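A.B. asks: One structure, as structure tokens, below. Some questions next.
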Amino acid sequence: GNSVTQMEGPVTLSEEAFLTINCTYTATGYPSLFWYVQYPGEGLQLLLKATKADDKGSNKGFEATYRKETTSFHLEKGSVQVSDSAVYFCALTNSNTGNQFYFGTGTSLTVIP
Amino acid sequence: DAEITQSPRHKITETGRQVTLACHQTWNHNNMFWYRQDLGHGLRLIHYSYGVQDTNKGEVSDGYSVSRSNTEDLPLTLESAASSQTSVYFCASSEGTGVYEQYFGPGTRLTVT
């Protein structure tokens, strides 16, 4: 079946620190992979995506590379800001499941000045 | 600008009452989804629809129903609210299948007392 596992939180970092949030997946075929971000009191917003192996998604300084050999899609940012404080969700969708998304449990990030 | 809205944003109801949560999108998307978000579980799919008159059960559909009479709306009904249904509910829509992202509403926080 399809599933996503992401690192447990919460994560607390100082401003300008390096961020990594791990995400691994289980899927048959060729899934598309996504990172969504949820700011306090809001719905989820797409942060970045990658649709095939070795693709790198990037947005707002965040990056993630689709690694088929390790079934991973880790989120990274070189220098976090206070405004990056949010909950981050890794997700996948697969052509063999229509457009159903499978989400990880979310990782809460707090960035302190 | 196109958007997806949910109402009410907050709702308190009593056990056994019927509750309907509204979801309205102006993207003209065929695909619409309902999720619930609970700590430790991430987002779990309740019901989804690929078009007018089409509805499908998701992972946690027991106690919930939906109907799709037009493209814009997918109301979620809790037939007889239970305390286990206290959660935050998100509606989402997407243009198509495969690589298309889902757009999320702001959520409805439901408390069943």
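Chains as they are written, first to last, in the numbering used here: chain A, 1 to 113; chain B, 1 to 113. We put the beta carbon where it would ideally sit given N, CA and C, even for glycine. Owing to the predicted nature of the structure, the values given are computational and were not obtained by experimental measurement.
With a cut-off of 8 Å on the beta carbons, I'd call A:N115 and A:Q6 a contact; round off their distance for me.
C.D. replies: There is simply no residue 115 of chain A to check, as chain A begins at 1 and stops at 113 in what is shown.
A.B. asks: Output the distance between the C-alpha atoms of B:V99 and A:G61, rounded to the nearest integer angstrom.
C.D. replies: For the purposes of this step, residue 99 of chain B is taken as residue 99 along the second sequence, with counting starting at 1. For the purposes of this step, residue 61 of chain A is taken as residue 61 along the first sequence, with counting starting at 1. Distance between the alpha carbons of B:V99 and A:G61 is about 22 Å.
A.B. asks: I think B:V52 touches B:T71, with their Cβ atoms under 8 Å apart; what is that distance to the nearest whole Å?
C.D. replies: Here residue 52 of chain B refers to the residue found at position 52 of the second sequence. Here residue 71 of chain B refers to the residue found at position 71 of the second sequence. About 6 Å separates the two Cβ atoms, so the contact holds.
A.B. asks: Can you tell me whether B:N31 is buried or exposed, with buried defined as 16 or more other CB within 10 angstroms of its CB?
C.D. replies: If you number the second sequence from 1, residue 31 of chain B lands on position 31. With 16 or more other Cβ atoms within 10 Å, it is buried.
A.B. asks: Starting from the C-beta of B:L21, find all residues in its chain whose C-beta is less than 6 Å away, skip the five residues before and the five after it, and write them out in chain order.
C.D. replies: As a first step, residue 21 of chain B must be located in the second sequence, where it is residue number 21. Answer for B:L21: L76, Y89, T108, listed in chain order.
A.B. asks: Cβ closer than 7 Å: which chain A residues qualify as neighbours of B:H29?
C.D. replies: Within the second sequence, the letter at position 29 stands for residue 29 of chain B. Ordered by position in chain A, no residue passes the 7 Å Cβ test against B:H29, which lies about 10 Å from the chain.
A.B. asks: Looking at C-alpha atoms only, which residue of B:G40, B:Q37, B:H47 is the closest neighbour of B:K57?
C.D. replies: Locating residue 57 of chain B in the second sequence gives position 57, counting from the first residue. Considering only alpha carbons, the answer is B:H47.
A.B. asks: Given that B:E101 touches chain A, what residues does it touch there, using C-beta distances under 8 Å?
C.D. replies: The sequence position of residue 101 of chain B within the second sequence is 101, counting from 1. Within 8 Å Cβ-Cβ: F34, L46, K49.
A.B. asks: What are the boundary residues of the beta strand (DSSP E) that A:Y102 is part of?
C.D. replies: Here residue 102 of chain A refers to the residue found at position 102 of the first sequence. Segment 101 to 103, the beta strand (DSSP E) holding A:Y102.
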